[in-house]
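What follows is a single structure, written as structure tokens, with notes after it.
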Amino acid sequence: MALKRMLENWSDFRKDDYYDDTPYMWGMAIDLNNCIGCGACVTACYAENNLPVVGKEHYSRGHAMHWMRIERYWDDPDGNTDVDIAGKPDIPFDGHHDNSNDPDAVTFPERGAHYIPMMCQQCNHAPCEPVCPVAATYHSPDGLNTQVYNRCVGSRYCGNNCPYKVRYFNFFNFWEDLPHPLEMQLNPDLSVRDKGVMEKCTFCVQRQRAAKDAAEDAGHPDYVEDGAVQTACQQGCPTQAIAFGNLRDPNSEVSKLWREHQVKLNHYEQEKDEDIRGYRVLEDLNIEPSVMYMDRVRDTEA
Amino acid sequence: MDKMKDIEWAKINKDVLGSLESPRMIFWVVLAVCSLLVAAGVAAEAYQYNEGLGVALMNRPHFWQLYISNFIFWIGMSHSGTLLSAVLLLTNADWRKPIYRFAEAMTLFSILTAAFFPVIHLGRVWNLYWVMPYPNERTIWPNFRSPLLWDASAIFTYATSSALFLYIGMIPDLAICRDNAKGWRKKLYSMLSLGWMGRAREWLAFRKTYVLMGCFLVPLAVSVHSIVASDFAMSIMPDWHITSFPPYFVAGALYSGCAAIITLFVMLRYIFKFEEYMTVDIMDKIAKLTFAIAMVWNFLNFSEYASIWYSNDMYEKEVLIQKLIGPYWPVVWGMLLCSTVAPFAMAFEKFRQNMWAMFVLSIIIQLGMWLERFQIVSPPLASNHEPWTWAVVWPGTVQMTITAASFGWFTMLFLIFCKVFPSVSMYEVKELVFHHRRVSARSEIEDLDKEKEEALRAQEGVA
Chain F
367 MALKRMLENW SDFRKDDYYD DTPYMWGMAI DLNNCIGCGA CVTACYAENN
417 LPVVGKEHYS RGHAMHWMRI ERYWDDPDGN TDVDIAGKPD IPFDGHHDNS
467 NDPDAVTFPE RGAHYIPMMC QQCNHAPCEP VCPVAATYHS PDGLNTQVYN
517 RCVGSRYCGN NCPYKVRYFN FFNFWEDLPH PLEMQLNPDL SVRDKGVMEK
567 CTFCVQRQRA AKDAAEDAGH PDYVEDGAVQ TACQQGCPTQ AIAFGNLRDP
617 NSEVSKLWRE HQVKLNHYEQ EKDEDIRGYR VLEDLNIEPS VMYMDRVRDT
667 EA
Chain G
14 MDKMKDIEWA KINKDVLGSL ESPRMIFWVV LAVCSLLVAA GVAAEAYQYN
64 EGLGVALMNR PHFWQLYISN FIFWIGMSHS GTLLSAVLLL TNADWRKPIY
114 RFAEAMTLFS ILTAAFFPVI HLGRVWNLYW VMPYPNERTI WPNFRSPLLW
164 DASAIFTYAT SSALFLYIGM IPDLAICRDN AKGWRKKLYS MLSLGWMGRA
214 REWLAFRKTY VLMGCFLVPL AVSVHSIVAS DFAMSIMPDW HITSFPPYFV
264 AGALYSGCAA IITLFVMLRY IFKFEEYMTV DIMDKIAKLT FAIAMVWNFL
314 NFSEYASIWY SNDMYEKEVL IQKLIGPYWP VVWGMLLCST VAPFAMAFEK
364 FRQNMWAMFV LSIIIQLGMW LERFQIVSPP LASNHEPWTW AVVWPGTVQM
414 TITAASFGWF TMLFLIFCKV FPSVSMYEVK ELVFHHRRVS ARSEIEDLDK
464 EKEEALRAQE GVA
């Protein structure tokens, strides 16, 4: 009887981490000290994940499809961290407005920019998951926030509810006019997405798949060596700012970094010492993101 | 104040049935304009369907825009019809009788308009049915945690129930139409009136069914708009994630719906010459009701502002500040002007009893409430959690065309309804007249009794 079974297993449904007995939980650590904002990770992501290059016009309308992006922030000289969109209507947010010819446009300082690579944070309490009407986005046993393209109907609620705004919607069919030999450059390990579908960073799930298959062939299906899976952004990074691996494996590099910086999945359990650089973006929303950033050390005197 | 006069019953039939006959030129002109608007909307939707949703100028972070605002607006408009019919039916408010039929029709047609928007809005419309829990061989279910799924269920339930409520309340009138019609109308009304003969038993069953439907519809209407509010309240977006949203949405729905009733009231009164039925007295009462609801809505709006301001939640506070002084300020201040300041005119009796003043005010209120829906959706997306994605986007031609088409579609349906079905309930107006007659008769008798008693007392005193 279904009801009886449900009541018996009630504690299972109430479990905080539904998949805590699985061998994998992919996570990332990004050292912002090392990030020079070169954009190699972005390029690598475009190449690996069949992202459409939308062109200047679409980009300026906010239809860009960069799963990984480099955000730039400047510290205000007065120490004011508020960003005011009311007073500065010409700020080129996300490059939506081309104001290169506008003399009144706000200019940014030559130096002092901070970069932060931003991609899907694979939240463990993901806000995008419960709101999808067709369950096209769900949590995989690997701790990934997966998007099933074929199931997506394009209600775009997930994109609204994502606090990082790292979900990208195919507002057009960007692949329609791909000239002949260019389809040969596409990565055959994953699909291209049609119009009307939401997509986002997958932590290069096709590479994880390949590494798991290799591990199974090698006779240890429950264990993938640290470093056997490299995400495209990690591989492309010239300064090795990005570490990626299995958070369930205590010896992986990323686990060590998380421990060292006293970052725990549940931010209520964190008791951080002072001068610890590790943090997760918007972790106070209790969404348990899987990407830890290590804050850049600023020379405020210079 | 002109009270409902003692009207001959045959005249009621004649007046209302007269409204069904030979439409005037202006009717065809308005109908043609509405059809053109609908055609333009269909063309815009076809273009968007072919090209992708990008042509509507939505983007990241503005994944939702005018389609969702319009959806809330039309769902909201549908609520007052139910309120007027069901709540006032259950509370025995007599004055609802001449106006509830067109209010119910408004409910049905605005929900039919609203139902288009979530569909137009989908990225892959052709997979729309995946949102419904239909049986399939792969045993794939929709996500029952998603407010969008609740939405779909709520709309279907509400559309069917309000259609039934409208239809059931119309059966005795359809029988009157049947008895007076010829040609295709005779066939139509004979079929729809279900062989109504006006026997006592039929009336008994009819009364029970009608009150029962009313009892069912009131909580349903409240839940429907609460669910629409959940689309926002269940998210974690700043200024969407607000506990008071369900009552706020319901109040806003009733508010804009009452304004729509006033608009249609004045229009029907003059177009169909229903002055004797839609009296100034009734307008006074609707205006009072609208004023009361306006105050509830304002209270909830300002308590929302206050709770954000004193919560010191930096994300929400930022959105509130950006709403008031940010790029969307004309929308927000326009809303406050039209929906907060303007309704205070209804505090004055002279204003309430001036038909044309009320007509203009009702349009202003609806404009304000339409802006309100826009400012619920867009400004929080423009200044979300992630400052790097902040962007200001205004709806483009495609969205505006489809919005205009929705108004055309609604008006078109309503006009056709007015010419095919009686837009004033004949049997209930007769009841109303009968009650008035009985009351006045009773008071006459009472007066006579008093005189008699006084005379007797005087005689006794003399004795």
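So the sequence lines, in the order shown, correspond to chains F and G.
Be aware that the first sequence starts at 367, since it is given in the numbering used here, and climbs by one per residue.
Be aware that the second sequence starts at 14, since it is given in the numbering used here, and climbs by one per residue.
Virtual Cβ for every residue (Gly too), placed ideally from N, Cα, C.
Would you say residue i faces chain F, with C-beta separation under 8 Å as the test?
{"i": "residue 156 of chain G", "result": "yes"}
{"i": "residue 343 of chain G", "result": "no"}
{"i": "residue 413 of chain G", "result": "no"}
{"i": "residue 15 of chain G", "result": "A caution first: residue 15 of chain G carries a pLDDT of 46, below 50, which makes its placement in the model too unreliable to give a value."}
{"i": "residue 248 of chain G", "result": "yes"}
{"i": "residue 12 of chain G", "result": "With chain G covering only 14 through 476, there is no way to say anything about residue 12 of chain G."}
{"i": "residue 349 of chain G", "result": "no"}
{"i": "residue 109 of chain G", "result": "no"}
{"i": "residue 26 of chain G", "result": "no"}
{"i": "residue 311 of chain G", "result": "no"}
{"i": "residue 375 of chain G", "result": "no"}
{"i": "residue 322 of chain G", "result": "no"}
{"i": "residue 232 of chain G", "result": "no"}
{"i": "residue 175 of chain G", "result": "no"}
{"i": "residue 140 of chain G", "result": "yes"}
{"i": "residue 333 of chain G", "result": "no"}
{"i": "residue 237 of chain G", "result": "no"}
Just to confirm the assignment, what range does the beta strand (DSSP E) spanning residue i have?
{"i": "residue 483 of chain F", "result": "479–484"}
{"i": "residue 290 of chain G", "result": "Neither: residue 290 of chain G is in no beta strand (DSSP E) and is coded neither H nor E."}
{"i": "residue 659 of chain F", "result": "657–660"}
Can you list, in chain order, the residues of its chain whose CB lies under 8 Å from that of residue i, leaving out five sequence neighbours each side?
{"i": "residue 46 of chain G", "result": "421"}
{"i": "residue 222 of chain G", "result": "181"}
{"i": "residue 355 of chain G", "result": "374, 377, 378 and 381"}
{"i": "residue 453 of chain F", "result": "For residue 453 of chain F, the predicted structure reports a pLDDT of 37, less than 50, and the residue's modelled location is therefore unreliable. A value from the coordinates is still provided. Contacts found: none."}
{"i": "residue 144 of chain G", "result": "155, 161, 162 and 165"}
{"i": "residue 43 of chain G", "result": "424 and 428"}
{"i": "residue 130 of chain G", "result": "80, 81, 83, 84, 87 and 419"}
Can you give me the Cβ contacts of residue i inside the same chain, cut-off strictly under 7 Å, excluding the 5 residues immediately before and after it?
{"i": "residue 408 of chain G", "result": "70, 78 and 79"}
{"i": "residue 255 of chain G", "result": "246 and 317"}
Tell me which same chain residues have a C-beta within less than 6 Å of the C-beta of residue i, skipping the five on either side of it?
{"i": "residue 630 of chain F", "result": "636"}
{"i": "residue 384 of chain G", "result": "344, 347 and 348"}
{"i": "residue 393 of chain F", "result": "613, 620 and 656"}
{"i": "residue 561 of chain F", "result": "536, 538 and 539"}
{"i": "residue 122 of chain G", "result": "423, 426 and 427"}
With respect to the alpha helix (DSSP H) encompassing residue i, which residues constitute its N-terminal and C-terminal limits?
{"i": "residue 511 of chain F", "result": "Taken as a continuous stretch (DSSP letters only), residue 511 of chain F belongs to no alpha helix (DSSP H), being part of the beta strand (DSSP E) at 511–513."}
{"i": "residue 112 of chain G", "result": "Unbroken run through residue 112 of chain G: none, as it is neither H nor E."}
{"i": "residue 266 of chain G", "result": "258–284"}
{"i": "residue 332 of chain G", "result": "327–338"}
{"i": "residue 424 of chain G", "result": "410–433"}
{"i": "residue 204 of chain G", "result": "196–205"}
Name the DSSP bridge partner or partners of residue i?
{"i": "residue 435 of chain F", "result": "F:484"}
{"i": "residue 392 of chain F", "result": "F:612"}
{"i": "residue 462 of chain G", "result": "DSSP output for residue 462 of chain G lists no bridge partner at all."}
{"i": "residue 565 of chain F", "result": "F:534"}
{"i": "residue 504 of chain F", "result": "F:512"}
Under 8 Å between C-beta atoms, does residue i make it to chain G?
{"i": "residue 407 of chain F", "result": "no"}
{"i": "residue 368 of chain F", "result": "no"}
{"i": "residue 573 of chain F", "result": "no"}
{"i": "residue 539 of chain F", "result": "yes"}
{"i": "residue 558 of chain F", "result": "no"}
{"i": "residue 451 of chain F", "result": "With a pLDDT of 38 at residue 451 of chain F, under the threshold of 50, the modelled position of that residue is not reliable, and the figure given next carries that caveat. Chain G, which has a Cβ nearer than 8 Å to the Cβ of residue 451 of chain F, makes this yes."}
{"i": "residue 561 of chain F", "result": "yes"}
{"i": "residue 565 of chain F", "result": "no"}
For residue i, verify whether its CB is less than 7 Å away from any heavy atom of the ligand ATP.
{"i": "residue 177 of chain G", "result": "Absent from the structure shown: the ligand ATP. Ligands present: none."}
Return the residues of the stretch 66–97 of chain G that lie within a Cβ-Cβ distance of less than 9 Å from chain F, sorted by chain order. 66, 67, 68, 69, 70, 71, 72, 73, 74, 75, 76 and 77
Listed in chain order, which residues of the stretch 522–537 of chain F have Cβ atoms closer than 8 Å to some Cβ of chain G? 522, 523, 525, 526, 527, 529, 530, 531, 533, 534, 535, 536 and 537
Quick one: which residues of the stretch 632–658 of chain F get their C-beta closer than 8 Å to a C-beta of chain G? List them in chain order. 648, 651 and 653
Selection of the stretch 394–426 of chain G by Cβ proximity to chain F, strictly under 8 Å: 394, 395, 396, 397, 398, 399, 400, 401, 402, 403, 404, 405 and 406
May I ask you to list, following chain order, the residues of the stretch 494–507 of chain F that have a beta carbon less than 7 Å from some beta carbon of chain G? 496, 497, 498, 499, 500 and 501
Contact list for the stretch 401–430 of chain F against chain G, Cβ threshold 9 Å: 424, 427, 428, 429 and 430
Residues of the stretch 509–522 of chain F with Cβ closer than 8 Å to any Cβ of chain G, in chain order: 517, 518, 519, 520, 521 and 522
Interfacial residues, the stretch 41–69 of chain G to chain F, with Cβ spacing under 9 Å: 64, 65, 66, 67, 68 and 69
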